[in-house]
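Protein chains in written order, with the UniProt record's numbering: chain L, 1 to 208; chain E, 1 to 208; chain W, 1 to 208; chain Y, 1 to 208. Even for Gly, the Cβ is constructed at its ideal location relative to N, Cα and C. All of these numbers come straight from a predicted model, not from anything done at the bench. I have placed the structure first, in the form of structure tokens, so that the comments after it can refer back to it.
Number of protein chains: 4
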Amino acid sequence: MLVFAEKGVDASVIDDVISTAGVSRGTFYKYFKSNRDLMVAANEELGRELLTLVLNRVSGLDDPAERLALGVRLFIETALAFPLFARFTRSAGMASVGPRSLLLDYLPGHIQDGIEQGRFFDLPQEVSLDLISGGVLFYIARSSESSVDPEHGRHVVAALLRSLGLSDAEAWRLADREVAPMELPENSLLRRSSLRYRPQGDSGEDAQ
Amino acid sequence: MLVFAEKGVDASVIDDVISTAGVSRGTFYKYFKSNRDLMVAANEELGRELLTLVLNRVSGLDDPAERLALGVRLFIETALAFPLFARFTRSAGMASVGPRSLLLDYLPGHIQDGIEQGRFFDLPQEVSLDLISGGVLFYIARSSESSVDPEHGRHVVAALLRSLGLSDAEAWRLADREVAPMELPENSLLRRSSLRYRPQGDSGEDAQ
Amino acid sequence: MLVFAEKGVDASVIDDVISTAGVSRGTFYKYFKSNRDLMVAANEELGRELLTLVLNRVSGLDDPAERLALGVRLFIETALAFPLFARFTRSAGMASVGPRSLLLDYLPGHIQDGIEQGRFFDLPQEVSLDLISGGVLFYIARSSESSVDPEHGRHVVAALLRSLGLSDAEAWRLADREVAPMELPENSLLRRSSLRYRPQGDSGEDAQ
Amino acid sequence: MLVFAEKGVDASVIDDVISTAGVSRGTFYKYFKSNRDLMVAANEELGRELLTLVLNRVSGLDDPAERLALGVRLFIETALAFPLFARFTRSAGMASVGPRSLLLDYLPGHIQDGIEQGRFFDLPQEVSLDLISGGVLFYIARSSESSVDPEHGRHVVAALLRSLGLSDAEAWRLADREVAPMELPENSLLRRSSLRYRPQGDSGEDAQ
DNA sequence: TATGAATGAGTGTTCATTCAT
DNA sequence: AATGAATGAACACTCATTCAT
Numbered sequence: 001m002l003v004f005a006e007k008g009v010d011a012s013v014i015d016d017v018i019s020t021a022g023v024s025r026g027t028f029y030k031y032f033k034s035n036r037d038l039m040v041a042a043n044e045e046l047g048r049e050l051l052t053l054v055l056n057r058v059s060g061l062d063d064p065a066e067r068l069a070l071g072v073r074l075f076i077e078t079a080l081a082f083p084l085f086a087r088f089t090r091s092a093g094m095a096s097v098g099p100r101s102l103l104l105d106y107l108p109g110h111i112q113d114g115i116e117q118g119r120f121f122d123l124p125q126e127v128s129l130d131l132i133s134g135g136v137l138f139y140i141a142r143s144s145e146s147s148v149d150p151e152h153g154r155h156v157v158a159a160l161l162r163s164l165g166l167s168d169a170e171a172w173r174l175a176d177r178e179v180a181p182m183e184l185p186e187n188s189l190l191r192r193s194s195l196r197y198r199p200q201g202d203s204g205e206d207a208q
Numbered sequence: 001m002l003v004f005a006e007k008g009v010d011a012s013v014i015d016d017v018i019s020t021a022g023v024s025r026g027t028f029y030k031y032f033k034s035n036r037d038l039m040v041a042a043n044e045e046l047g048r049e050l051l052t053l054v055l056n057r058v059s060g061l062d063d064p065a066e067r068l069a070l071g072v073r074l075f076i077e078t079a080l081a082f083p084l085f086a087r088f089t090r091s092a093g094m095a096s097v098g099p100r101s102l103l104l105d106y107l108p109g110h111i112q113d114g115i116e117q118g119r120f121f122d123l124p125q126e127v128s129l130d131l132i133s134g135g136v137l138f139y140i141a142r143s144s145e146s147s148v149d150p151e152h153g154r155h156v157v158a159a160l161l162r163s164l165g166l167s168d169a170e171a172w173r174l175a176d177r178e179v180a181p182m183e184l185p186e187n188s189l190l191r192r193s194s195l196r197y198r199p200q201g202d203s204g205e206d207a208q
Numbered sequence: 001m002l003v004f005a006e007k008g009v010d011a012s013v014i015d016d017v018i019s020t021a022g023v024s025r026g027t028f029y030k031y032f033k034s035n036r037d038l039m040v041a042a043n044e045e046l047g048r049e050l051l052t053l054v055l056n057r058v059s060g061l062d063d064p065a066e067r068l069a070l071g072v073r074l075f076i077e078t079a080l081a082f083p084l085f086a087r088f089t090r091s092a093g094m095a096s097v098g099p100r101s102l103l104l105d106y107l108p109g110h111i112q113d114g115i116e117q118g119r120f121f122d123l124p125q126e127v128s129l130d131l132i133s134g135g136v137l138f139y140i141a142r143s144s145e146s147s148v149d150p151e152h153g154r155h156v157v158a159a160l161l162r163s164l165g166l167s168d169a170e171a172w173r174l175a176d177r178e179v180a181p182m183e184l185p186e187n188s189l190l191r192r193s194s195l196r197y198r199p200q201g202d203s204g205e206d207a208q
Numbered sequence: 001m002l003v004f005a006e007k008g009v010d011a012s013v014i015d016d017v018i019s020t021a022g023v024s025r026g027t028f029y030k031y032f033k034s035n036r037d038l039m040v041a042a043n044e045e046l047g048r049e050l051l052t053l054v055l056n057r058v059s060g061l062d063d064p065a066e067r068l069a070l071g072v073r074l075f076i077e078t079a080l081a082f083p084l085f086a087r088f089t090r091s092a093g094m095a096s097v098g099p100r101s102l103l104l105d106y107l108p109g110h111i112q113d114g115i116e117q118g119r120f121f122d123l124p125q126e127v128s129l130d131l132i133s134g135g136v137l138f139y140i141a142r143s144s145e146s147s148v149d150p151e152h153g154r155h156v157v158a159a160l161l162r163s164l165g166l167s168d169a170e171a172w173r174l175a176d177r178e179v180a181p182m183e184l185p186e187n188s189l190l191r192r193s194s195l196r197y198r199p200q201g202d203s204g205e206d207a208q
């Protein structure tokens, strides 16, 4: 994560990885077939880690809209709290919510529930996903380039809820909730790597 | 465009470019400093081309919401009509609406107008842009991976308008309009390159 | 001369030359077959120019030792007065007194005269030339890297005369003479190019 | 050394080096940053090797003039005995006694001793070095272009001693000594590379 | 006679991958 | 299981040279 976040996914080379990880070339190849292989693995591990925590927090809620609101908020707040996550996400670009993303295992269900319970309009599944993924990704990516107003996370959530069909009042009711920060387990990938992360000056150029 | 669309922005190689363009290595370097330089230039030229046309169509309209709706629809419909555009956009990823994008020269103005005229809620400029850019980019990118329902473009527009503050009815009124396809000038970059474009089988794997 | 002096003989490329000279590529090839061709021509022209002037000053003197002393002094003083000459000479390295040098047309004669008149020991022609060429070249080259004490030129002359057979007293008598600076014709290559010469910071690295 | 000697320092190309050395391109870059880097390294290693041997032979002598005479003779005789050394030196040109040369670590001391003991005139340090370096380099370089009279090495030494202040008789007394050839260690760089060296026809043109 | 766009062979450099230790 | 030296294909970039205008 440290290397991909810093140099960009496509600019990173195995030499960077092994010197950062402190292992030998041979060891790298014992565990990964290629550099992209590693990147996919890191992205999956990170996704699994976060998704598990989010699901824990969200699964008790009855209202699909509330589940969605809280889930998105949690992702966004975690990105702000862990700049490494934001930076890595920006580097991974659209691949971070690509077709193999675990997000796709759960999000559609919540949306479907929302439609069935009449909270959301009946807009096509994929369109909802485009809007949510796109909006959140852009907001998180932007947060790693320049500093963003941390309050704006609520606006993102509210806007997404409105686009799904909630009234403005209802959208804000859910978006405005206070959320406790995510509690990453001691040995979580994100927590451990964040310890070593020192954000670098960013040209903003080679994003992607 | 042909090369970047086909192989991805970061995997493309000068050899591909020059053999596709039918020029020599030396000629390439006479005009561009690097491969990325070319990609940026192509993206800018394409952006300028489309934006000019969109502005022509849109500038006569009084209602900012209508301008926005029509503009977004035009982009989306053009992407569907010219798969090369969609594919190139997907390859460029977030860079296609990066910080130097011309879109940023005009979109904020429309949104601001909308806010001042009371058609849009007063949500932060950057958040609106994240939602619009993200949603549209994801939809277009998806259209180049698998086939999408061409009707869904209207859903994207309607959802974006709702997120900005329009009622569902009003949003659909604008989203549902028939739009005449864009008329690209004979010598337009997109038209000329599309003539040579034969979409390839897509692994869907190394997108980005 | 400007280009060769600045970038070194082997690092200079035709692009540098034509942009400095303000002519086109085609024009260059009308007059010179290659870059080295130009360098040889410049070196010869410069050599011819200086040698003519030196011979004028020297030809009236009866004593071969005096001729030699004055000639060497003139070269050295010109190098100090025209840093471009020193720098060019350093860049050309040993090639500047290479086998085709005009110096070899006259110097042997003076030395031979000196031997026949009993002023010089009978040491082998080539050895005398090695010492004179080598000593003078190194002194001039050094003057273009760091600043040298301008008085040391006399030491070089005196030492060379001693090595050829003069007593220390006699050597110094000749080396100590005041010499009027060389009067370059208005349109001389060296004068004209020196007008445009602005000495650059010198890494001292790629000195030949 | 083989490659630099044959093709000249600036004309040599990494391909020549690796094919001559029988290693791969990657291996080259593991050890050297550039071609010039290798050349500098070779020159330093060669200098270190020879200087060590010379110092061994010379350090027992009390008379600085004798030390100098023997030292210079040894260099010259080694150049004649190992044409690869002469050729390499000619190719390296003035860089072979450039500012980083080890010679500069020892020679000044001997000269200073000579001055203090009244054997040498008090001429400026740098001027002595110019004469010695220049004279010896030119002689060695010439030996690699055309065949030189091996006796002339003595003349070079005698002339240099005279220039430093010795009488002709004294100079010859030291220059005329028989010197045993240098004994290079079995694994010395120069010995090993000389085994593979077959002098080539020399155009004498693009020296340097 | 002068121009400068175009060419492509030549060269430097990187980096994924292998494999003996 | 881990290492890291060695490999060489792939790629970026330069620059001498040509030639139609």
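Annotation: residue 37 (chain E) has no Cβ neighbours in chain L at a cutoff of 7 Å; minimum Cβ distance is about 11 Å. For residue 110 (chain W), the nearest beta carbon of chain Y is not closer than 7 Å to its own beta carbon. The C-beta of residue 31 (chain W) has fewer than 16 other C-beta atoms within 10 Å across all chains shown, which makes the residue exposed. Restricting attention to W:28, W:66, W:43, W:62, the CA atom closest to the CA of residue 101 (chain W) is found in W:43. Taking 9 Å as the Cβ-Cβ cut-off, the segment 102 to 128 of chain W approaches chain Y at 121, 123, 124, 126, 127, 128, given in chain order.
Straight-line spacing of the CA atoms in residue 73 (chain E) and residue 12 (chain E) works out to 30 Å.
Sequence-ordered contacts of the segment 148 to 170 of chain L with chain E read 148, 149, 152, 155, 156, 158, 159, 160, 162, 163, 164, 165, 168 [C-beta pairs closer than 8 Å].
Here residue 151 (chain W) is exposed, its C-beta having fewer than 16 other C-beta atoms within 10 Å. The criterion of a C-beta distance shorter than 7 Å is not satisfied by residue 130 (chain L) and residue 93 (chain E).
Relative to the Cα of residue 90 (chain L), the nearest Cα in the group L:17, L:62, L:3, L:180 belongs to L:3. Burial state of residue 29 (chain E) is exposed, judged by a 10 Å Cβ sphere holding fewer than 16 other Cβ atoms. Nearest in C-alpha terms to residue 170 (chain E), of all of E:63, E:26, E:52, E:144, is E:63.
Against chain E, the beta carbon of residue 142 (chain L) has neighbours under 8 Å at 126, 130, listed in chain order. Membership of residue 16 (chain W) in the alpha helix (DSSP H) is indicated by the continuous run 14 to 21. Under the three-state reduction of DSSP, residue 31 (chain E) is assigned to helix.
The shortest C-alpha to C-alpha distance from residue 105 (chain W) to any of W:47, W:22, W:191, W:20 is the one to W:47. Interface criterion met: the Cβ of residue 137 (chain E) is under 7 Å from a Cβ in chain L. Proximity of chain W to residue 10 (chain Y) at the Cβ level (cut-off 7 Å) is accounted for by 10, in chain order. Three or more beta-carbon pairs drawn from the segment 103 to 118 of chain W and the segment 53 to 71 of chain W are found closer than 8 Å, and the two stretches are therefore classed as touching.
For residue 134 (chain Y), the neighbours in chain W by C-beta distance under 7 Å run, in chain order, 134, 135, 137, 138. Here DSSP, grouped into helix, strand and coil, assigns residue 197 (chain L) to coil. For residue 118 (chain L), there is no enclosing alpha helix (DSSP H), as DSSP marks it with neither H nor E.
Annotated three-state conformation of residue 179 (chain W) is coil, per DSSP. Secondary structure note for residue 90 (chain E): its alpha helix (DSSP H) is the uninterrupted segment 83 to 92. Its chain contains 70, 73, 74, 77 as the residues whose beta carbon lies nearer than 8 Å to that of residue 179 (chain Y), once the 5 sequence neighbours on both sides are disregarded; these appear in chain order. Secondary structure of residue 135 (chain Y) (DSSP, three-state): helix. A straight line joining the alpha-carbon of residue 127 (chain E) with that of residue 24 (chain W) spans about 54 Å. For residue 162 (chain L), the enclosing alpha helix (DSSP H) starts and ends at 152 to 164. Judged by their CB atoms, residue 140 (chain L) and residue 86 (chain L) are nearer to each other than the 7 Å cut-off. Counted as a single uninterrupted DSSP element, the stretch harbouring residue 102 (chain E) is not any alpha helix (DSSP H), since DSSP gives it neither H nor E. Closest in alpha carbon position to residue 36 (chain Y), among Y:22, Y:14, Y:124, Y:51, is Y:14.
In this structure residue 19 (chain W) is exposed. Its beta-carbon is surrounded by fewer than 16 other beta-carbon atoms within 10 angstroms.
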